[in-house]
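Report on one structure; see the data block that follows.
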Amino acid sequence: MPNALRPLRDAELSMRQFEQRAAALPPVLRSRRELEAHGIRFLPEDAQAAVQLPIADDGTTFSMAQDVRWLDTDHFAVGRWDGSLDVFRYTPTRSSGPLIRTAVSSPSAIGVQMITRLSANSFVSSNDSQSMVVWSRSVGRDWSEIRPDGTLRYDAEFGVATGGDSFAVGGHHYLVVGHASGFLTVWSSPATTTPLRFVVAVDLQSAAPVNPFGLQHIHDVYLVYAEHSSALVVTASENGQLCFVRIPDGKIMSRTVFNDAARRGINSIAVRDRDLLVANCSVGSSDYNLWYFRMDVDAANIALRDRVDLKVNPHRPQAFNFCVVWARTDDGPCWFSSTEEGALWMGTADSAQGLSVIGYQEATNPLGSVLAFQPCGRLVMIGFNLYEFVTLNSPPA
233 MPNALRPLRD AELSMRQFEQ RAAALPPVLR SRRELEAHGI RFLPEDAQAA
283 VQLPIADDGT TFSMAQDVRW LDTDHFAVGR WDGSLDVFRY TPTRSSGPLI
333 RTAVSSPSAI GVQMITRLSA NSFVSSNDSQ SMVVWSRSVG RDWSEIRPDG
383 TLRYDAEFGV ATGGDSFAVG GHHYLVVGHA SGFLTVWSSP ATTTPLRFVV
433 AVDLQSAAPV NPFGLQHIHD VYLVYAEHSS ALVVTASENG QLCFVRIPDG
483 KIMSRTVFND AARRGINSIA VRDRDLLVAN CSVGSSDYNL WYFRMDVDAA
533 NIALRDRVDL KVNPHRPQAF NFCVVWARTD DGPCWFSSTE EGALWMGTAD
583 SAQGLSVIGY QEATNPLGSV LAFQPCGRLV MIGFNLYEFV TLNSPPA
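For the sequence shown, the numbering used here begins at 233 and goes up steadily by one.
Spelled out as structure tokens, the structure:
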């Protein structure tokens, strides 16, 4: 690991300093402030200007959700900026709190940024810049009785875990994790019941990230193909790159910038068979915040099929697409996206017809929300508040 990490150690700032200075704000606010610093206005010309009140700023704790993952058909886990981790049961009553709430990390570590299901009884979450926590429940017990069941430690220069996926292939269970540094780590065990061990680190940093902040966070990792003893994953980063990486050896099969003219990186991706959706923040009137690609697994590359800008107010200087997921209604496959205007967008995608936008509904507070879909027809949307939706009148058997 030391040789692979030497470029990071030679950087001007350590990873901890980097996170504190460049990523201490939620991405929506960070992007907005950068535009305002260049004289771009978000309010109408005749709007009353803000003033500095005779008070001193003594700190801010953000409590919006950063990640959500289904644990089974009835339960999902939510990680927040304030460092808390919640496990909810889907709609036990019309209004309910979490089954369990626990403090996982300090808000100074930018909260819980990653949750990945490992098995029917366990999941892993980000913790700090050099560790992840494995959570488990006893077989047959409720998720309200989860407990820490181990810590996965790694070099602090990798940074906090920001995205991940887990799967089984070739008789081994793998956890593939993206980090704030732009590195990918691969972990493995011969079975889901034995501890995960570090396998390899993969440098997916970009020398020219598309964002002006120098961010390299890998926000999403998805399995796209598995056969015999190897697999292929796709990763999505703030630096703007979509990368195909072979597991378990970590060989980089391809790297592609999703948009050569992008001014912001990738916030979220969604994979369905060979269809890939990419959510980002559009800047200006000629940019887009939802992209549709087709993946060629054999060649490990992507081809653009369509793009749209999901924006309620067409004059907004930026339109932050926070999250995108594939889902299904009684009419067939569809997608949902949540944007900073508090809108939940819905549409379809077809390799021949491209993207079709059905429309949006006002669903939540501004800044955006995380989304997660359960194949039985359950959609959850979480920002500050929790919203639950049913998409199928007749769930699949």
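Ideal placement from N, C-alpha and C gives every residue a C-beta, glycine not left out.
Continuous beta strand (DSSP E) assignments of at least 3 residues falling wholly in the region 346–422: The region 346–422 contains these whole beta strand (DSSP E) runs: 347–351, 354–360, 363–368, 379–385, 393–401, 404–411, 415–421.
Cβ neighbour criterion (16 or more within 10 Å) applied to S626: Exposed: under 16 other Cβ atoms inside 10 Å.
H307 - partner residues in DSSP beta bridges: R321
L474 versus N617: straight-line alpha-carbon distance, rounded: Looking at the two C-alpha atoms, the distance is approximately 31 Å.
Alpha carbon of A281 to alpha carbon of P259, nearest angstrom: Rounded to the nearest whole angstrom, the CA to CA distance from A281 to P259 is 24 Å.
Other residues of its chain near S518: CB distance less than 8 Å, five sequence neighbours each side excluded: none
Inter-stretch contact (C-beta, 8 Å, three-pair minimum) for the region 549–561 and the region 511–525: yes
Y520 - partner residues in DSSP beta bridges: Partner(s): none; Y520 has no beta bridge.
Option in T394, R385, Q593, D528 with minimal Cα separation from E572: Q593
Residue nearest to S363 in terms of C-alpha spacing, selected from I287, A393, P607, F490: A393
Top-ranked residue by Cα proximity to G564, from G609, Q298, A584: Nearest option by C-alpha distance: G609.
Secondary structure of V260, DSSP reduced to three states: helix
Beta-bridge partners of P565, as assigned by DSSP: BP columns for P565 point to R560.
DSSP-derived helix/strand/coil call for R548: coil
A502 - DSSP class collapsed to helix/strand/coil: strand
Residue range of the beta strand (DSSP E) that includes L331: Segment: none, L331 is in no beta strand (DSSP E) and carries neither H nor E.
Short Cβ contact (7 Å threshold) for S398 with D381: no
Enclosing beta strand (DSSP E) for A511 [first to last residue]: Element bounds for A511: 507–515.
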